[in-house]
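The next block holds one structure in the form of structure tokens; read it before the comments.
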Amino acid sequence: MTLAMLVLPLLGAAAAAFAPGRLAVAGALASALATFGVAAFLSGAGAVSVAWLPALGIDVTLDPFGVRGVLATTAALTMIPVVLTAGRQAPAQRRTYLTALLLMHATLNGVFLATDLVLMYVFWEATLLPSLFLLGTFGGPGRRGAVTKYLVYAITGSFLMLASILALVPASGAASYAFADLLPAARALDPVVQTWLFAGFAAAFAVKLPLFPLHAWLIDFHRQNPPSGVADVAGTLYKVGGFGFFAWAIPLLPDGAAAFQPFLLALAAATALWGGLAATRQEDLKSMLAYMSLSHMGVVALGVFSLTPVGLTGAMFLLAAQMLSTGALFLLAGMLHARTGQYGFAHYGGLAKSAPALAAVTLFALFAAIGVPGLSNFPGEFLALAGGFAASPWLGGVAALGSVVAAGVYGVNTYQRLFQGPPGERRADLGPAEILVVAPLIAGILWLGLAPAPQLERIDASAAVATTLAAPPPTPLALQGDAR
Amino acid sequence: MIAPPDGLVLGGVAPALALLVAAATALILGTVRADARQGGAVALLGLVASAVFAVRNLVDPGAHGATFGVQWVVDGPSAGLSIAILVGTFLAVLLSWDAPVARVGDRPEFYPLVLLAAAGGVAMVHAGDFVVLLLGLEILSLSVYALSAWRTGVREGEEAGMKYFLLGAFASAILIYGVALTYGATGAFDFGAIGAALAAGAPGPLALLGGAFVLVGLGFKVAFAPFHQWAPDVYTGAPTPVTAFMSVVVKVAAFGALLRVARDAWPATVPSLDLMLAVLVALTLVVGNLGALLQSGAKRMLGYSAVAHAGYLGLAVLAAGQGAASPTTVVWYLLAYTFMNLGAFAVTHLVMHDDPQGDRIEAWQGLGARKPGLAVAMTLFLFSLAGFPPLAGFFGKALAVRAAFEAGWSALAVLALLAAVVAVVYYTRFVFAMWFARAPRAGEVAASDAARWAIGLAAAGTVAMGLFPDVWYALVEGAGVVAALTP
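Chains as they are written, first to last, in the working numbering: chain A, 28 to 511; chain B, 124 to 610.
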């Protein structure tokens, strides 16, 4: 079943690329729905393992345990509206769009589920190509610069991570690249070696997170992406940096993480504050959303680098919640753009009169994004900030200022400037197809917001692995044999 | 001295013999009837026959050993490298099938020269001593000098041939001088005996100087910086099918020889030579990648990229020479390199139509819209060269860097990966031009069936080696499928 998380999107991508006419869209949609169907039952699924490069100890191993399954499920839910929206593109673009999106989904699932470090890296790199392709083919006039910037940032980080991955096994003497083999061996490494290796991983994860000052690619990426919002949502899907710290760098190299903690916490707080303040000053919706999501990622980072179980759990939950809330907002921005051809706030106003349903749904998604209790982001944001306060009250305070206070300002501002005020030109309200698009995301926002406990428990199980920092290595079997 | 089992003598050298027979046949046919197609057909047949023998050498452990005393070694790496040479030659012959270089009716020597060069390369990778190594090197080099100057009357073509010949002859002289000094210091030509003599006591200055000269001589052939200057010029000036051929076959042969010398003749007891190799590798990585970044033409870019890849291969040779990594790492990388580099040159050949200015980046704009199949293949080759998973080039670079970490060259390994970031920029510039430029350039790109086959096979190899890296690794590593199948 776990393997289906890879196979189904790949089948969908093949259908989107080769099936005739509308069948291409139907195939893509069927694969997205089936992937979500499988993902919903992932918590009971076991790991699968297929030998790949045994001579070097590299296997295809996928495990939906804990946070891996939660993030894969949320991503699968987010893919449904993404595929629905992309299926409504002009026929000339539809195939390319759907194929790239489903390939992205397959590789993203690979990043989340892989428990072999080399396999994770393979998927990590593979997520790059579809997003670059979408941006480069359908993006705005400055797309060349945006693509190059994104590529250089991402690749520099990835290759430094590759250096750490390749050095990890010879340095630690682990039997393979499997997480279970690496864990005891890597933790036993000398703290200085751990610090160097952690730096390599941090380079890759911090770029994708993204952490101030490595965030410049993110803003250009969103500004230049095609207007439908699809590519932006797919882009937010693979904000896998936080997950990488949580699932790999911190558990494997706890001493390295501890050495970097003060520095990374400060950057996290700076990201949350800078993103939040910049979001209040934006003149168009898409730039505002870009900075808003940057600010959220700062809170995610704060939770992760608190290295406390509470903070780590909250950060991962926020990551899942953010896929839904920011995803909904980017798609709504695309719908607004389809009505007026504009993102600028100056072109809107009074939409609540002519398009009440659009206004209500947007307000709902904004509330979710700024962390209103009862909606998806609140539990994660609360726990991540709590972890941050426990690690450093000062930096926790700075981050809270950025995320909570600024969020109120830009949230209210955005709603006011788009929907309140004197009614301008009449705009069409949400159509049935558009309601269908946002419905899964609204359901997801309510699901995570009203009943967060099951998912938090799943994440907690992973956080327990990540935070047993000073745990003694498990007793080797040979010793037990000797004791007889 | 290892006594060869019965029947081994001819079995071990059969891949080279098949090539020589095919070369002679093609030459005779060419003098009787000047039809380039016949020469090409004979070349393809000869390559297939040679490959059959080489595969037998690879999968049958009973064929492994040393023939003619210790001069001709048959083992996993040598058979694997022979196959890489044969694959590269086969694809280059396909590529030249309809190219103007092969159509010149009054010069039927083209395919015989290609086959002779391949035979020389096969001899080099099987060499167990310096005599066979030098014989193979000269057979290979003389053939390639002639091929690189094939476009007579074109200034770049003549310059390429002249430059390659003069510098190549100089490098051969240095190599021979190094062999002579090594013989003077150790009294032996064969690698095992040299290794034993060097391991017996502290190597004297004579042996070190000899080793250094050998390294410089081979370093020229593999295009290590600072002995790389010929590469971009010769690659640009030679006809593109020839460039494709020499960029892989000469490299495989020379790295095969370097691997054997580093592993057998210079045991880990000669750290000075390791240090020298490490310095060359570092320099090569920096010069190759930065050089490629500054090029505007695809052919020159690929020329510098070949220099850059020599750096990664050098890293693997360094580790293998110290016993930290298996030689299979080098062999694996070289077959991967054969597929992706030959593929990239093949597409360049079609885009250029042998117009010297035709490979500028403008010529690539909008190729994705005009020729999507060709553009997809080129994208695969460039991404593989850049080291994106899951393509062949990723495992090549990963294996090399991992080997460097195992050998303790951590700084060099990190440098290699940082240099690879630069590589991503120059390779993707061409990918962006193909896909993201909205003004398609007028002008048709005609691809013959043979060239299509060459590109298709190279693309299949690039993808297959990335998705199933274990198959080739297990074959070369020596377990062998025959041994695995027989209980």
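Just so it is clear, CB atoms sit at the ideal spot from N, CA and C, and this is done for glycine as well. All values reported here derive from a predicted model rather than from experimental measurement.
Drop a sphere of 10 angstroms on the beta-carbon of Ile317/B, count the other beta-carbons inside from all chains shown, and report buried for 16 or more, exposed for fewer.
-> Here residue 317/B corresponds to residue number 194 of the second sequence, with the count starting at 1. It is buried - the Cβ of Ile317/B has at least 16 other Cβ atoms within 10 Å.
Classify Pro253/A as buried or exposed, calling it buried when 16 or more other Cβ atoms lie within 10 Å of its own Cβ.
-> The residue you call residue 253/A lines up with position 226 of the first sequence. Classification for Pro253/A: buried.
Considering only residues of the same chain and omitting the five flanking positions on each side of Val210/B, which have a CB-CB separation below 6 Å?
-> As a position in the second sequence, residue 210/B is number 87, starting the count at 1. Same-chain partners within the cutoff: Thr461.
May I ask you to list the residues that DSSP assigns as paired with Gly371/A?
-> Position 344 of the first sequence, counted from the start, is the residue given in the question as residue 371/A. The partner list for Gly371/A (beta bridge, DSSP) reads Asp311/A.
Going by other Cβ atoms of all chains shown within 10 Å of its Cβ, with 16 needed for buried, is Arg552/B buried or exposed?
-> If you number the second sequence from 1, residue 552/B lands on position 429. It counts as buried.
What residues of chain B sit near Leu193/A, judged by a beta carbon separation below 8 Å?
-> Looking up residue 193/A in the first sequence gives position 166. By Cβ distance, chain B contributes Ala521, Val524, Arg525, Phe528 and Ala536.
Do the region 278 to 288 of chain A and the region 224 to 234 of chain A make contact, defined as three or more Cβ pairs closer than 8 Å?
-> yes
What number of angstroms, rounded off, separates the C-alpha of Thr111/B from the C-alpha of Leu522/B?
-> This structure leaves residue 111/B out entirely; chain B is present only between 124 and 610.
May I ask you to report which of helix, strand or coil DSSP gives Ser403/A?
-> Along the first sequence, read from residue 1 onward, the residue named residue 403/A stands at position 376. If DSSP states are grouped into helix, strand and coil, Ser403/A belongs with coil.
Under the assumption that Lys422/B contacts Thr471/B (Cβ atoms under 8 Å), give the Cβ distance between them as a whole number of angstroms.
-> Along the second sequence, read from residue 1 onward, the residue named residue 422/B stands at position 299. Along the second sequence, read from residue 1 onward, the residue named residue 471/B stands at position 348. Lys422/B to Thr471/B, Cβ: 6 Å. Contact.
Exposure of Arg485/A, with buried meaning 16 or more beta-carbon neighbours within 10 Å = Residue 485/A sits at position 458 when you count from the first residue of the first sequence. So Arg485/A counts as buried.
Give a yes or no on whether 8 Å exceeds the smallest Cβ distance from Gly163/A to chain B.
-> Taking the first residue of the first sequence as 1, we reach residue 163/A at position 136. At least one chain B Cβ lies under 8 Å of Gly163/A.
For Arg230/B and Ala325/B, the rounded distance between their alpha carbons = Here residue 325/B corresponds to residue number 202 of the second sequence, with the count starting at 1. Here residue 230/B corresponds to residue number 107 of the second sequence, with the count starting at 1. Going by the C-alpha atoms only, they are around 54 Å apart.
Pick helix, strand or coil for Leu378/A, following the three-state DSSP scheme.
-> Along the first sequence, read from residue 1 onward, the residue named residue 378/A stands at position 351. Leu378/A: helix per DSSP, three-state reduction.
Determine the DSSP secondary structure at Ser255/A, reduced to helix, strand or coil.
-> Taking the first sequence and counting its residues from 1, one reaches residue 255/A at position 228. Of the three classes helix, strand and coil, the one that applies to Ser255/A here is coil, per DSSP.
For Ala285/A and Pro197/A, the rounded distance between their alpha carbons = Here the question's residue 197/A lines up with position 170 in the first sequence. Here the question's residue 285/A lines up with position 258 in the first sequence. For Pro197/A and Ala285/A, the distance between alpha carbons rounds to 23 Å.
Taking Cβ positions only, does Trp532/B come closer than 8 Å to chain A?
-> One-based indexing of the second sequence puts residue 532/B at position 409. It does not: the Cβ of Trp532/B has no partner Cβ on chain A nearer than 8 Å.
According to DSSP, is Thr142/A helix, strand or coil?
-> Translated into the one-based positions of the first sequence, residue 142/A becomes position 115. The answer is coil: DSSP assigns Thr142/A none of H, G, I, E or B.
Chain B within 8 Å of Leu216/A, Cβ atoms only = The residue given as residue 216/A occupies position 189 in the first sequence. For Leu216/A, the answer is no, since every Cβ of chain B falls outside 8 Å of its Cβ.
If you compare alpha carbons, which of Arg49/A, Gln482/A and Ala55/A is closest to Ala40/A?
-> Taking the first residue of the first sequence as position 1, residue 40/A is located at position 13. Checked all of Arg49/A, Gln482/A and Ala55/A; the closest Cα to Ala40/A is Ala55/A.
Can you list the residues of chain B that Trp244/A reaches, using a CB-CB cut of under 9 Å?
-> Translated into the one-based positions of the first sequence, residue 244/A becomes position 217. Chain B residues near Trp244/A: none, gap ~14 Å exceeds 9 Å.
Local conformation of Val193/B per DSSP, three classes = For the purposes of this step, residue 193/B is taken as residue 70 along the second sequence, with counting starting at 1. DSSP places Val193/B in coil when its eight states are reduced to three.
Output, in chain order, the set of chain A residues within a Cβ distance shorter than 9 Å of Asp482/B.
-> Residue 482/B sits at position 359 when you count from the first residue of the second sequence. Ordered by position in chain A, no residue passes the 9 Å Cβ test against Asp482/B, which lies about 21 Å from the chain.
Alpha helix (DSSP H) segments (min. 4 residues) lying fully within the region 199 to 252 of chain A | 206 to 214, 218 to 235 and 243 to 251
Given that Ala543/B touches chain A, what residues does it touch there, using C-beta distances under 7 Å?
-> Taking the second sequence and counting its residues from 1, one reaches residue 543/B at position 420. Per Cβ cutoff of 7 Å: Phe186.
Between Ala296/B, Gly251/B and Arg274/B, which lies nearest to Ser264/B when the distance is taken from Cα to Cα?
-> Counting from one through the second sequence, the residue named residue 264/B turns up at place 141. The shortest Cα separation from Ser264/B among Ala296/B, Gly251/B and Arg274/B belongs to Ala296/B.
Delimiting residues of the alpha helix (DSSP H) encompassing Trp79/A = Looking up residue 79/A in the first sequence gives position 52. Looking at the DSSP string, Trp79/A is not in any alpha helix (DSSP H); the run it does join, the beta strand (DSSP E), is Val75 to Leu80.
Distance CB(Ala202/B)-CB(Gly251/B) smaller than 8 Å = Against the second sequence, residue 202/B aligns to sequence position 79. Against the second sequence, residue 251/B aligns to sequence position 128. No, they are not a contact pair.
List, in order along the chain, the chain B residues whose C-beta lies closer than 9 Å to that of Ala190/A?
-> Mapped onto the first sequence, residue 190/A falls at position 163. Going along chain B in sequence order, the residues near Ala190/A (Cβ under 9 Å) are Val524, Phe528, Ser533, Ala536, Val537, Ala539, Leu540 and Leu541.
Indicate whether the contact test is met: 3 or more Cβ pairs, each with one atom in the region 349 to 365 of chain B and one in the region 275 to 283 of chain B, closer than 8 Å.
-> yes
Hey, is the region 162 to 170 of chain A in contact with the region 66 to 84 of chain A, meaning 3+ C-beta pairs nearer than 8 Å?
-> no
Can you pull the chain A residues whose beta carbon is under 7 Å from the beta carbon of Val548/B, in chain order?
-> Translated into the one-based positions of the second sequence, residue 548/B becomes position 425. Under the 7 Å cutoff, chain A gives Val179.
From Glu529/B, Leu436/B, Leu408/B and Trp353/B, pick the residue whose C-alpha is nearest to that of Gly516/B; which is it?
-> Indexing the second sequence from 1 puts residue 516/B at position 393. Considering only alpha carbons, the answer is Leu436/B.
The beta strand (DSSP E) with Val87/A in it runs from where to where?
-> Taking the first sequence and counting its residues from 1, one reaches residue 87/A at position 60. Run containing Val87/A: Ile85 to Leu89, per the beta strand (DSSP E) assignment.
Exposed or buried, Gln482/A, counting other C-beta atoms within 10 Å across all chains shown (16 or more means buried)?
-> As a working note, residue 482/A is residue 455 in the first sequence. The residue in question, Gln482/A, is buried, as its Cβ has 16 or more Cβ neighbours within 10 Å.
List the residues of chain B that Ala153/A touches, going by C-beta distances under 9 Å, in chain order.
-> Numbered from its first residue, the first sequence carries residue 153/A at position 126. Result: Phe511, Pro512 and Pro513.
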